Amino acid sequence: MKRTKIVCTIGPASDETSVLISMMEAGMNVARLNFSHGTRNEHARRIVAIREAAGKAGKNIAILMDSKGPEVRLGILEQPIPLTAGQKVILTTEKVTADSLRLPVTYTNLPREVLPGNVILVADGLIELKVISTTSTEVECEVVHGGEVSSRKGVRMPGVSLKLPAVTEQDKEDILFGIEQGLDFIALSFVRRASDILVVRQILEEKNMEIHVIAKIESREGLNNLEEIIKVADGIMVARGDLGVGIPVEEVPLVQKAIIKKCNQAGKPVITATQMLESMMNNPRPTRAEAG
3 MKRTKIVCTI
13 GPASDETSVL
23 ISMMEAGMNV
33 ARLNFSHGTR
43 NEHARRIVAI
53 REAAGKAGKN
63 IAILMDSKGP
73 EVRLGILEQP
83 IPLTAGQKVI
93 LTTEKVTADS
103 LRLPVTYTNL
113 PREVLPGNVI
123 LVADGLIELK
133 VISTTSTEVE
143 CEVVHGGEVS
153 SRKGVRMPGV
163 SLKLPAVTEQ
173 DKEDILFGIE
183 QGLDFIALSF
193 VRRASDILVV
203 RQILEEKNME
213 IHVIAKIESR
223 EGLNNLEEII
233 KVADGIMVAR
243 GDLGVGIPVE
253 EVPLVQKAII
263 KKCNQAGKPV
273 ITATQMLESM
283 MNNPRPTRAE
293 AG
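The C-terminal position of the sequence shown is numbered 294 in this note's numbering, with every residue numbered one higher than the one before it.
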């Protein structure tokens with residue numbers, strides 16, 4: 003039995019049955035559905051397509067739902083807005099028309115949970131802001147590293163423990179959908195502590211369902227509580243994309259190895275994700291760094 007599995011994300015580019023079959027024949031073992039994007043109807047159609055393709059290919063393919071999780075994002079911007087290093091910008095919880103001086107954010111408690119000196123990262127860490135001051139509805143920042151921002155870009159606060167719920171209402175509805183569809187795995191995003199996993203366990207118990215729960219480690223808080231998370235989760239995902247925003251990117255390789263070692267010692271499966279052999283999108287062989 004092959005111990006190493008290949009998890010592939012299924013989306014618009016892989017909707018065709020012929021594409022799914024070729025992916026299965028090439029070695030895909032698990033089909034991942036990203037619930038941060040798409041509707042439940044779209045996911046339902048893909049689940050049917052995956053199972054039909056697996057039947058035709060004579061393969062046993064597991065399906066994993068990856069939850070959206072708690073997140074903070076910019077609001078709607080009518081057009082991309084450039085931010086320049088050194089300028090001041092205000093993040094506001096009020097409904098405003100965005101410009102280079104004021105940007106709306108989705109999390110209403112943000113001004114109460116950050117402090118002067120805290121770092122705020124936008125758009126996967128490409129843009130860095132430093133908090134200067136706060137009011138009840140606004141966070142005044144200085145742009146440290148500039149760039150262009152657009153609608154719904156992610157906002158992260160490394161080292162700040164936000165009081166966001168571990169499992170959002172949308173996550174709960176998506177999990178119930180996954181139960182109805184008979185999915186094999188639930189990957190829970192932004193797991194910070196063992197109790198986050200237990201929330202999902204409770205939902206599954208109430209429905210008398212057994213689905214494997216994978217904890218995605220994407221923050222310093224999740225790393226700090228890794229051992230207790232490993233104990234209650236069925237597996238761990240090293241989510242290198244968001245993890246590289248939550249901690250310095252140069253720490254990610256060492257942290258990845260440490261997580262894998264702890265999972266191996268505990269006898270728990272571990273998935274390494276994000277930019278996996280990405281150069282092979284264009285080249286037939288991985289780079290030396292990727293192969294190592």
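All C-beta atoms in this analysis are idealised placements derived from N, C-alpha and C, irrespective of residue type, glycine included. No experiment lies behind these values; they were computed from the predicted model shown.
Hey, out of the options, whose CA is closest to residue i's CA?
i: Val202; options: Glu229, Glu220, Gln172; result: Gln172
i: Ala46; options: Ser24, Lys58, Gly13, Asn62; result: Gly13
i: Thr110; options: Thr6, Arg222, Leu166; result: Leu166
i: Asn210; options: Met25, Cys10, Leu178; result: Leu178
i: Gln300; options: Arg154, Gly248, Glu280; result: The question about residue 300 has no answer, for the chain in this structure spans 3 to 294.
i: Lys90; options: Gly40, Asn266, Leu131; result: Leu131
i: Arg34; options: Pro255, Asp68, Thr170, Ile181; result: Asp68
In chain order, what residues of the same chain have a beta carbon less than 8 Å from the beta carbon of residue i, not counting five sequence neighbours either side?
i: Pro118; result: Val133, Ile134, Ser135, Thr136
i: Ile83; result: Ala100, Asp101, Ser102, Leu105, Glu150, Val151, Ser152
i: Gly161; result: Asn120, Val121, Arg222
Using the three-state DSSP reduction, which class does residue i fall into: helix, strand or coil?
i: Asn43; result: helix
i: Thr289; result: coil
i: Phe179; result: helix
i: Glu171; result: helix
i: Arg194; result: coil
i: Met239; result: strand
i: Ser138; result: coil
Is the beta carbon of residue i sitting closer than 8 Å to the one on residue j?
i: Gly156; j: Glu73; result: yes
i: Ile129; j: Leu85; result: yes
i: Val145; j: Leu93; result: no
i: Gly235; j: Arg194; result: This sequence places Ala at residue 235; Gly is not what is there. Cβ distance not < 8 Å, so Ala235 and Arg194 don't count as in contact.
i: Val151; j: Val124; result: yes
i: Gly237; j: Lys264; result: no
i: Ile23; j: Lys58; result: yes
i: Ile231; j: Ala189; result: no
i: Met239; j: Lys218; result: yes
i: Ile216; j: Ile273; result: yes
i: Ala268; j: Ala241; result: no
i: Ile65; j: Ile78; result: no
For residue i, which residues from the same chain have a beta carbon less than 6 Å from its beta carbon, with the 5 sequence-adjacent residues on both sides left out?
i: Gly71; result: Ser191, Phe192
i: Glu96; result: Thr139
### Length-filtered (4 minimum) alpha helix (DSSP H) runs lying within the stretch 27-72
42-59
### Query
Taking the runs of the alpha helix (DSSP H) that are 4 residues or longer, which of them lie wholly in the stretch 83-128?
112-115
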